[in-house]
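S.K.: Residue numbers (the working numbering): 4 to 580.
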């Protein structure tokens, strides 16, 4: 068996393993994938085929009560001027999900499940539909790559593209969102463009147009995929002349492609006309095209290059495509796509591992990555590169486990916290504190330790809901010193049992001198805390020079129905010797 084929099957095995692992079959909670943004794409199917109500949504409150799919508020749909609900997410993904939905609807009736669009048969159907589309896309992508690269290069390209990136997360675990479905559409457009340029045919023009239209009503920004067929084959003057001569000789193909593109977007236009009264409806998006947010790529919050560093090679490959027919199309598309993604006003893209908005375009980046790997394969760095590639795959698959346990946080990552949890599934309470504070004393050996007065009395204190519970207050007084290396710290350690409610709750500390206050806090809800257990917390507070004559306070802030008690709390002052 060829190595590239083995790579494909290995990727499929990993996808299935992660999907099955995160079904939580032993959990009492129902398996639901059509939640949050995924619900926005899925809404069309139960609305059209079961409830026949896409404008008033009278049926939805009962469903949300039973399955908790909206995320707490119905942001997936908004009211139009005529008073009807209009879905804020487009219908392209639902069209691809439809065959699986209808199959699940039939199975639900036979197996005795509720035919409500959200019971287990529907959830399993949607979860595996994403994998099935992507598996088909992976094998077709292999054929595309083999057209330009040898088998070894293709194998390595596929392994790094699929297993060293966030692709696994957005196919196997969060696959009900749009990324997995659009990924397969990109593969098909690449394949159709390649085949048309090899031998122009109406069927390839029609497929190209229709898929571009369908991708556009999945996510409107995918319209830029148009640059793939438009700029394909323009790598030299001779090839450019040959391409445009071919276009002139097959002008009717442009008409067919445009017509099929219109057919692709027509379902969305019909839906908008029915619900809003207009064929075009603004679902609302805000862009900062003149000031893109490069933190999407480099930021410690969710940076594409930070958490999935293999993507640096995706971009590096753009410099090695001189002789390939896809050179101009891939370079133009990739740079324009990155610009569009970084320009969206909500640059965090909600909860995400790395930058999820770029996942669907990975088939295009695969061509760039392939050129880079082909270059490496003919260099003396080949085996060192393979070792680094294996490490990147391991780190990525490890981090996906961390992400789904919220160790790698979906929104609040920073450099120090990432350093504390890197390849670490068992971080300490002090590591966890770095989500909220950047102060950490890593070596206490050269510090004198003093247990602050009254610290022992902070125990067995009941936590009050909707209140700020004062725990401890003392004066801090430090003699001035000429030693520039002198430091003062306060170390807080706590054991807290929480039975209910932690969201938005913090252990707060304050240092106050006059009107100046230094405020530090750590959240009660984190990846190593659990309801009903004794949870450990810890953090450090550095005492600045100005605050050496001050008052130190501790409290618990609980803007929710917090129930529990502080079992014990220890406050230690550390002064450098």
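For glycine and all other residues, C-beta sits at the position ideal for the given N, C-alpha and C.
1. What residue ranges within the segment 16-69 form continuous alpha helix (DSSP H) runs of no fewer than 4 residues, ordered along the chain?
2. Count the other C-beta atoms from every protein chain shown that fall within 10 angstroms of the C-beta of residue 10, then say buried if there are 16 or more, exposed otherwise.
3. Taking only the alpha-carbon atoms, compute the straight-line gap between residue 121 and residue 68 and give it to the nearest angstrom.
4. Quick check on the burial criterion: 16 or more other C-beta atoms within 10 angstroms. Buried or exposed for residue 469?
5. Have a look at 494, 209, 531 and 320 and flag the residue whose alpha-carbon is nearest the alpha-carbon of residue 195.
6. Since residue 168 contacts residue 311 with CB under 8 angstroms, what's their CB separation in whole angstroms?
7. Skipping 5 residues on each side, what residues in its chain have a beta carbon closer than 7 angstroms to that of residue 377?
8. Using alpha carbons as the reference points, say which of 555, 448 and 540 lies closest to residue 570.
9. With distances taken Cα to Cα, identify the nearest neighbour of residue 125 among 105, 137, 144 and 135.
10. Is the distance from the Cβ of residue 57 to the Cβ of residue 50 below 8 angstroms?
11. Could you check what DSSP says for residue 198 in three-state terms: helix, strand or coil?
12. Any idea if residue 144 is buried or exposed, counting beta-carbon neighbours within 10 angstroms, 16 or more meaning buried?
13. Could you tell me which residues DSSP puts in a beta bridge with residue 560?
14. Taking 8 angstroms as the threshold (C-beta atoms), are residue 442 and residue 523 in contact?
15. Spell out whether any CB of chain C is found under 8 angstroms from the CB atom of residue 119.
16. Is the segment 492-500 touching the segment 539-554 in the sense that three or more CB pairs, one from each, lie closer than 8 angstroms?
17. For residue 32, count neighbouring Cβ atoms within 10 angstroms of its own Cβ and tell me buried if that reaches 16, exposed if not.
18. Which same chain residues, not among the five before or five after residue 290, have their C-beta less than 7 angstroms away from its C-beta?
19. Is the Cβ-Cβ distance between residue 100 and residue 25 less than 8 angstroms?
20. Between the segment 274-281 and the segment 224-239, are three or more C-beta pairs nearer than 8 angstroms?
21. Alpha carbon to alpha carbon, how far is residue 223 from residue 343? Give it in angstroms, no decimals.
22. Tell me the DSSP secondary structure of residue 4 in three-state form.
23. Does the structure place the segment 383-394 close enough to the segment 198-217 that three or more beta carbon pairs sit under 8 angstroms?
24. Using 10 angstroms around the beta-carbon of residue 206, count the other beta-carbons present and answer buried if the total reaches 16, otherwise exposed.
25. Need the endpoints of the alpha helix (DSSP H) that residue 497 sits in, please.
26. Taking only runs of the alpha helix (DSSP H) that begin and end inside the segment 411-461, which ones reach a length of at least 4 residues, in chain order?
27. Mind checking which residues open and close the alpha helix (DSSP H) that includes residue 272?
28. Which residue wins for smallest C-alpha separation from residue 185, given the options 233, 272 and 133?
29. Using a 10 Å radius around the Cβ and a threshold of 16 neighbouring Cβ atoms, would you call residue 59 buried or exposed?
30. Buried or exposed: where does residue 366 fall if 16 or more other Cβ atoms within 10 Å of its Cβ makes it buried?
31. Could you tell me the distance, in whole angstroms, from the CA atom of residue 407 to the CA atom of residue 268?
32. Are the segment 370-385 and the segment 134-141 touching, with three or more C-beta to C-beta distances below 8 angstroms?
33. Following the continuous alpha helix (DSSP H) through residue 540, name the residue where it begins and the one where it ends.
34. Determine, using beta-carbon pairs with one atom in the segment 300-311 and one in the segment 246-253, whether at least three such pairs fall under 8 angstroms.
35. Beta-carbon within less than 8 angstroms of residue 136's beta-carbon, same chain only, minus the 5 sequence neighbours each way: which residues are those?
36. Do residue 453 and residue 576 have their beta-carbon atoms positioned less than 8 angstroms apart in this structure?
M.R.: So, to answer that:
1. 39-45
2. As a working mapping, residue 10 is identified with position 7 in the chain shown. Answer is buried; the Cβ neighbour count reaches 16.
3. By 1-based counting over the chain shown, the position of residue 121 is 118. By 1-based counting over the chain shown, the position of residue 68 is 65. Residue 121 and residue 68: Cα-Cα distance of roughly 12 angstroms.
4. As a first step, residue 469 is located in the chain shown; it is residue number 466 there, counting from the start. That one is exposed.
5. The residue labelled residue 195 in the question sits at position 192 within the chain shown. Selected option, being the one with the closest Cα: 209.
6. Within the chain shown, the letter at position 165 stands for residue 168. Within the chain shown, the letter at position 308 stands for residue 311. The Cβ separation is near 5 angstroms, so the contact holds.
7. Here residue 377 refers to the residue found at position 374 of the chain shown. Closer than 7 angstroms at Cβ, skipping near neighbours: 152 and 156.
8. Residue numbering aside, residue 570 sits at position 567 when the chain shown is read from its first letter. When each option's Cα is compared against that of residue 570, the closest is 540.
9. Against the chain shown, residue 125 aligns to sequence position 122. Among 105, 137, 144 and 135, the Cα nearest to that of residue 125 belongs to 105.
10. Residue 57 sits at position 54 when you count from the first residue of the chain shown. Residue 50 sits at position 47 when you count from the first residue of the chain shown. Cβ atoms of residue 57 and residue 50: closer than 8 angstroms.
11. Within the chain shown, residue 198 is the residue found at index 195, counting from 1. Of the three classes helix, strand and coil, the one that applies to residue 198 here is helix, per DSSP.
12. As a working note, residue 144 is residue 141 in the chain shown. Flag for residue 144 reads buried.
13. Within the chain shown, the letter at position 557 stands for residue 560. Paired residue(s): 471 and 509.
14. Locating residue 523 in the chain shown gives position 520, counting from the first residue. Locating residue 442 in the chain shown gives position 439, counting from the first residue. Closer than 8 angstroms, so yes.
15. Reference to chain C is not applicable here, since this structure consists of a single protein chain.
16. yes
17. Against the chain shown, residue 32 aligns to sequence position 29. Exposed, by the Cβ-count rule.
18. For the purposes of this step, residue 290 is identified with residue 287 of the chain shown, where counting begins at 1. Same-chain partners within the cutoff: 346, 347 and 348.
19. The count along the chain shown starts at 1 and reaches residue 100 at position 97. The count along the chain shown starts at 1 and reaches residue 25 at position 22. Not closer than 8 angstroms, so no.
20. no
21. Position 340 of the chain shown holds residue 343. Position 220 of the chain shown holds residue 223. Going from the Cα of residue 343 to the Cα of residue 223 covers about 11 angstroms.
22. Within the chain shown, the letter at position 1 stands for residue 4. It is coil, neither helix nor strand.
23. no
24. For the purposes of this step, residue 206 is taken as residue 203 along the chain shown, with counting starting at 1. Residue 206 comes out exposed.
25. One-based indexing of the chain shown puts residue 497 at position 494. Note, residue 497: premise wrong, no alpha helix (DSSP H); beta strand (DSSP E) at 491-503.
26. 418-424 and 432-436
27. Walking along the chain shown from the start, residue 272 turns up at place 269. Where residue 272 is concerned, the enclosing alpha helix (DSSP H) stretches over 254-279.
28. The residue given as residue 185 occupies position 182 in the chain shown. Here the closest residue by C-alpha is 133.
29. To locate residue 59, count along the chain shown from 1; it is residue 56. Classification of residue 59: exposed, given that the 10 Å Cβ count is below 16.
30. Walking along the chain shown from the start, residue 366 turns up at place 363. It counts as buried.
31. Here residue 407 is taken as the residue at index 404 of the chain shown, counted from 1. Here residue 268 is taken as the residue at index 265 of the chain shown, counted from 1. Cα-Cα distance, rounded: 35 angstroms.
32. no
33. Within the chain shown, residue 540 is the residue found at index 537, counting from 1. Careful: residue 540 lies outside any alpha helix (DSSP H), inside the beta strand (DSSP E) at 537-546.
34. no
35. Walking along the chain shown from the start, residue 136 turns up at place 133. If we look at residue 136 and ignore the five residues flanking it on each side, its Cβ neighbours are 99, 183, 184, 186 and 187.
36. Here residue 576 refers to the residue found at position 573 of the chain shown. Here residue 453 refers to the residue found at position 450 of the chain shown. In contact: residue 576 and residue 453 (Cβ atoms closer than 8 angstroms).
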